[in-house]
Amino acid sequence: MILSLSYSAVLLSVLTFPSQIPIPRNIEELSKAIVKKNYKCFAPRGSSLLDYLVNHKQDYKKILGEEIIHNSWYLEPYPLTSTPQLDVNSAMLTSRTLLQIVAGREAWKDSLLSEDSLISLMCAFPMKKGFCYKRKLNTLISRLNNAGLYLKIISDESYKIWLSDPAAQRSSTAAEQPLSCTDLTGAFLTLLTGLLLSLLIVSMEIAQARLTKR
Numbered sequence: 006m007i008l009s010l011s012y013s014a015v016l017l018s019v020l021t022f023p024s025q026i027p028i029p030r031n032i033e034e035l036s037k038a039i040v041k042k043n044y045k046c047f048a049p050r051g052s053s054l055l056d057y058l059v060n061h062k063q064d065y066k067k068i069l070g071e072e073i074i075h076n077s078w079y080l081e082p083y084p085l086t087s088t089p090q091l092d093v094n095s096a097m098l099t100s101r102t103l104l105q106i107v108a109g110r111e112a113w114k115d116s117l118l119s120e121d122s123l124i125s126l127m128c129a130f131p132m133k134k135g136f137c138y139k140r141k142l143n144t145l146i147s148r149l150n151n152a153g154l155y156l157k158i159i160s161d162e163s164y165k166i167w168l169s170d171p172a173a174q175r176s177s178t179a180a181e182q183p184l185s186c187t188d189l190t191g192a193f194l195t196l197l198t199g200l201l202l203s204l205l206i207v208s209m210e211i212a213q214a215r216l217t218k219r
């Protein structure tokens, strides 16, 4: 009974979607994937980000920066919505605001956005000394940010960009690939194991019954 349920669970999970390559969730996992030659990572050429990575004390960040420079993985001037540098085996390191155009939790976005941040840059408005509305302006900016309007604007604008790019829409509506024999390997192995164990148990019961009759 347990083996039957296990086989059913494995088979149903496989039939739902083919197995996918594990996705790096943070910078450390990305660095390990690149070392294993499973991933690429693109970054802006000549940016301070690369200097930060190469000179970092943590080994995985240093390795990540060295691999980017060694392989010349630099961002090319493609539109983010149709760049060939962002696929299932690659990642990008750039401004979070830019990446939010094509990456995030929205259903129409094909890429994930990591929660990790390498460098934090502050943005401020210059004001003349003695500006009479300084406190009111700071309060207004804080309220807009805390209310989530800034992120809402980015999300709306990125959706408009996606709607205006037919290539991005085609990629998001592409048909799923059919299941291959490799995808069904786990289900068949579970079935074979169950059959072998069943035959073994039946053989043991027959042998025990014959010994009991004697």
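Position in the sequence shown (from 1) plus 5 gives the number in our numbering.
We put the beta carbon where it would ideally sit given N, CA and C, even for glycine.
Remember, predicted model here, so these are calculated numbers, not experimental data.
Check: What would DSSP say about Tyr79, mapped onto helix, strand or coil?; Outcome: strand
Check: Check Ala212 in the structure and name its three-state DSSP category.; Outcome: helix
Check: Would you call Val207 buried or exposed, if buried means 16 or more other Cβ atoms sit within 10 Å of its Cβ?; Outcome: exposed
Check: So Lys66 and Leu54 are in contact, right, with Cβ under 8 Å, and what is the actual spacing, rounded?; Outcome: Actually they are not in contact, since the Cβ atoms of Lys66 and Leu54 sit about 11 Å apart, beyond 8 Å.
Check: Rounded to whole angstroms, what's the CA-CA distance from Ser36 to Gly199? Just pull it up for me.; Outcome: 39 Å
Check: Does the distance from the CB of Val93 to the CB of Ile68 come in under 8 Å?; Outcome: no
Check: Considering only DSSP beta bridges, list what Ser95 is partnered with.; Outcome: Lys45
Check: With DSSP as the reference, label Ala108 as helix, strand or coil.; Outcome: strand
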